[in-house]
Amino acid sequence: MTSETKSHEVRPDDLTLYALGALEGNELAQIGKHVGTCASCRAEMQRINADLGAYAMAAAPESAPPGRVRQRLMAAIAREVPRSSGRRGWSFAFRFGLAVLLLVALALEWKSGRAWREENARLKHELWQEQAESAQAKAIAETIMAPDAMKLTLVAANAKPQPTAHIYCSQQKGRVFLMANNLAPLGPGKMYELWLLPKQGAPVPAGMFQSGADWNAHMLHSGLPSGMEPKGFAITIEPAQGSLKPSTQPILMGTTS
Amino acid sequence: MDSSAAVKMAHAEGDSVLVARTRRRDQDAFAQIYDRYSRLVYSIALRVTRNASAAEDVLHDVFLQLWQAPERFDAARGNLPAWMAVIARNRAIDRLRQQKRTVDPDETILMSPTDMGSEVERTSTLAKIGGLLQTMPEAQRRAMEMAFFDGKTHAEIAASMNEPLGTVKTRIRSALTAIRKALQG
Chain A
24 MTSETKSHEV RPDDLTLYAL GALEGNELAQ IGKHVGTCAS CRAEMQRINA
74 DLGAYAMAAA PESAPPGRVR QRLMAAIARE VPRSSGRRGW SFAFRFGLAV
124 LLLVALALEW KSGRAWREEN ARLKHELWQE QAESAQAKAI AETIMAPDAM
174 KLTLVAANAK PQPTAHIYCS QQKGRVFLMA NNLAPLGPGK MYELWLLPKQ
224 GAPVPAGMFQ SGADWNAHML HSGLPSGMEP KGFAITIEPA QGSLKPSTQP
274 ILMGTTS
Chain B
67 MDSSAAVKMA HAEGDSVLVA RTRRRDQDAF AQIYDRYSRL VYSIALRVTR
117 NASAAEDVLH DVFLQLWQAP ERFDAARGNL PAWMAVIARN RAIDRLRQQK
167 RTVDPDETIL MSPTDMGSEV ERTSTLAKIG GLLQTMPEAQ RRAMEMAFFD
217 GKTHAEIAAS MNEPLGTVKT RIRSALTAIR KALQG
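Chains as they are written, first to last, in the working numbering: chain A, 24 to 280; chain B, 67 to 251.
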């Protein structure tokens with residue numbers, strides 16, 4: 024470590040390279056550690072990133088993206104928006120079509136004997152089952168997302184409410200969804216950060232979030248590294264700009280086993 | 067307030083209002099942000115990856131991230147196009163390196179003395195920086211391009227340019243200092 028680093032100062036040259044991700048090895052670790060604890064260096068990092076943003080805008084030759092990206096993106100976000108009760112999407116159309124086909128099949132069945140009747144009974148049962156499951160999923164989603172929804176965690180009588188978090192993680196989709204309760208809202212400059220604890224290696228950032236005035240929080244994070252099997256998850260309190268690795272002790276932690 | 071200041075304020079408010087609406091899951095507001103800045107994000111991603119398909123993926127990822135975590139952009143402290151430009155570059159570099167970056171400035175809030183959210187201001191500022199880049203010494207411009215667009219480390223740049231590490235550091239820092247002066251001027 025240089026004497027400048029020890030004296031709470033980092034050379035502007037090094038800070039610029041750090042912002043660019045152009046440092047390696049010890050230099051990267053030392054500057055990163057210092058920036059994590061030095062407010063003036065973090066402020067300078069913000070200014071450097073603003074300068075880099077302006078440079079990028081001026082230096083990159085302008086090109087127009089194909090329209091298909093917009094279509095793909097809007098379709099992706101539409102899938103994430105909770106549907107209102109008045110909207111009927113593809114799912115409804117699909118089920119309606121399936122029901123029509125079923126009715127046609129039932130008419131044919133009348134003429135085609137017992138095998139057809141049994142097959143169609145099976146299909147009908149599957150359709151009912153799917154509709155029942157769909158209705159249940161819809162009811163759950165509507166309850167959770169309702170404007171007046173209350174979130175309660177029941178604990179032993181007279182016990183002080185404890186922070187809790189529920190994690191739903193899909194390696195295949197590279198997503199993790201978090202629902203937390205009884206988490207105190209943090210002051211300015213701080214955020215909660217979720218970490219994936221892999222079976223091997225260092226914790227991996229899995230999204231940052233704030234807790235609301237009701238002390239509840241939820242977050243959907245995409246882009247988990249593929250092929251990284253989680254051993255568990257942990258939540259720490261970090262600076263709002265995030266950390267390279269957990270800088271505080273976990274306030275919540277759980278394992279998959 | 068003169069007319070340019072009025073335009074500036076109206077457009078600046080536009081970005082922050084659109085982000086606020088996006089936080090409330092307003093797809094129309096999000097689409098407006100896309101229409102305003104997709105060209106910028108795609109251009110940077112294409113410059114870094116030099117591959118149209120990869121640039122499309124970066125464009126998709128950057129905007130999907132904005133949709134999923136719009137709270138990471140603090141409209142009161144930064145400007146949206148500069149924030150998206152840096153994220154686009156970082157995502158594209160991630161793709162080049164095929165790994166998660168050790169430093170992730172995605173979560174860094176940008177502060178800028180210039181309101182790049184105003185079309186008028188942005189055009190004027192970018193013209194100034196464009197002129198600066200044209201007159202910048204070749205070695206300095208090249209070092210900056212290798213660091214920013216090619217994602218090379220300072221050691222790789224020094225080896226490529228056959229120059230001492232210290233010289234490369236100074237070149238990059240000087241380039242950025244000149245850009246900051248142009249932003250402030």
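Even glycine gets a Cβ: it sits at the ideal position worked out from N, Cα and C.
Status (buried if at least 16 other CB within 10 Å, exposed otherwise) for residue i
i	result
residue 72(A)	buried
residue 92(A)	buried
residue 271(A)	exposed
residue 90(B)	exposed
residue 111(A)	Its pLDDT being 44, under 50, residue 111(A) is placed unreliably by the model, and nothing is read from it.
residue 109(B)	buried
residue 266(A)	buried
residue 175(B)	Because residue 175(B) carries a pLDDT of 42, less than 50, the predicted location of this residue cannot be relied on, and the following value inherits that uncertainty. So residue 175(B) ends up on the buried side.
residue 191(A)	exposed
residue 222(A)	exposed
residue 107(A)	Here the model assigns residue 107(A) a pLDDT of 41, short of 50, so the residue's position is not dependable and the matter cannot be decided.
residue 102(A)	exposed
residue 189(B)	exposed
residue 166(A)	exposed
residue 48(A)	exposed
residue 50(A)	buried
residue 224(A)	exposed
residue 45(A)	buried
residue 252(B)	Because chain B in this structure spans residues 67 to 251, residue 252(B) falls outside the shown range and cannot be described.
residue 94(A)	exposed
residue 211(A)	exposed
residue 81(A)	buried
Continuous beta strand (DSSP E) stretch holding residue i: start and end
i	result
residue 128(B)	No beta strand (DSSP E) holds residue 128(B); the alpha helix (DSSP H) holding it covers 118 to 134.
residue 232(A)	227 to 232
residue 243(B)	No beta strand (DSSP E) holds residue 243(B); the alpha helix (DSSP H) holding it covers 231 to 250.
residue 278(A)	275 to 278
residue 204(A)	198 to 204
residue 187(A)	187 to 193
residue 262(A)	253 to 262
Delimiting residues of the alpha helix (DSSP H) encompassing residue i
i	result
residue 238(A)	Residue 238(A) -> no alpha helix (DSSP H), and no H or E assigned at all.
residue 61(A)	Counting along the chain, residue 61(A) falls outside any alpha helix (DSSP H), and DSSP gives it neither H nor E.
residue 139(B)	Where residue 139(B) is concerned, there is no enclosing alpha helix (DSSP H), given that its DSSP letter is neither H nor E.
residue 227(B)	220 to 227
residue 110(B)	93 to 115
residue 157(B)	146 to 163
residue 40(A)	35 to 43
residue 214(A)	No alpha helix (DSSP H) contains residue 214(A), which is instead part of the beta strand (DSSP E) from 213 to 221.
residue 202(B)	Taken as a continuous stretch (DSSP letters only), residue 202(B) belongs to no alpha helix (DSSP H), as it is neither H nor E.
Residues near residue i in its chain [Cβ-Cβ closer than 8 Å; skip 5 each side]
i	result
residue 115(B)	121, 124, 158, 161, 162
residue 307(B)	Shown here, chain B extends from 67 to 251; a query on residue 307(B) therefore has no answer.
residue 209(A)	215, 233, 234, 260
residue 118(B)	112
residue 98(A)	none
residue 207(B)	199, 241
residue 86(A)	none
residue 209(B)	223, 227, 234, 237, 238, 241
residue 213(A)	260, 261, 262, 263
Close beta carbons around residue i, own chain, < 7 Å, minus the five adjacent residues each side
i	result
residue 278(A)	254, 255
residue 221(B)	231
residue 33(A)	27, 54, 57, 64
residue 98(B)	84
Beta-carbon contacts of residue i that lie in its chain and below 6 Å, excluding the five residues immediately before and after
i	result
residue 203(A)	188, 240
residue 224(B)	231, 234
residue 96(B)	88, 133
residue 230(A)	217, 242, 244
residue 217(B)	159, 162
residue 164(B)	none
- prompt: Within the chosen definition, does the region 199 to 211 of chain B reach the region 231 to 246 of chain B through at least 3 CB pairs nearer than 8 Å?
  reply: Judged by Cβ distances under 8 Å, the region 199 to 211 of chain B makes contact with the region 231 to 246 of chain B, as three or more pairs qualify.
- prompt: Touch check for the region 228 to 242 of chain B and the region 71 to 89 of chain A: three-plus C-beta pairs under 8 Å?
  reply: Between the region 228 to 242 of chain B and the region 71 to 89 of chain A there are three or more C-beta pairs closer than 8 Å, enough to call the two in contact.
query: Taking three-plus beta-carbon pairs below 8 Å as touching, is the region 35 to 42 of chain A in contact with the region 241 to 253 of chain A?
result: For the pair of segments examined, the region 35 to 42 of chain A was found not to touch the region 241 to 253 of chain A: the number of CB pairs separated by less than 8 Å stays below three.
message: Going residue by residue through the region 50 to 101 of chain A, where are the continuous beta strand (DSSP E) segments of at least 3 residues, counting only ones entirely within it?
response: Counting whole runs of 3 or more residues, the region 50 to 101 of chain A contains no beta strand (DSSP E) stretch at all.
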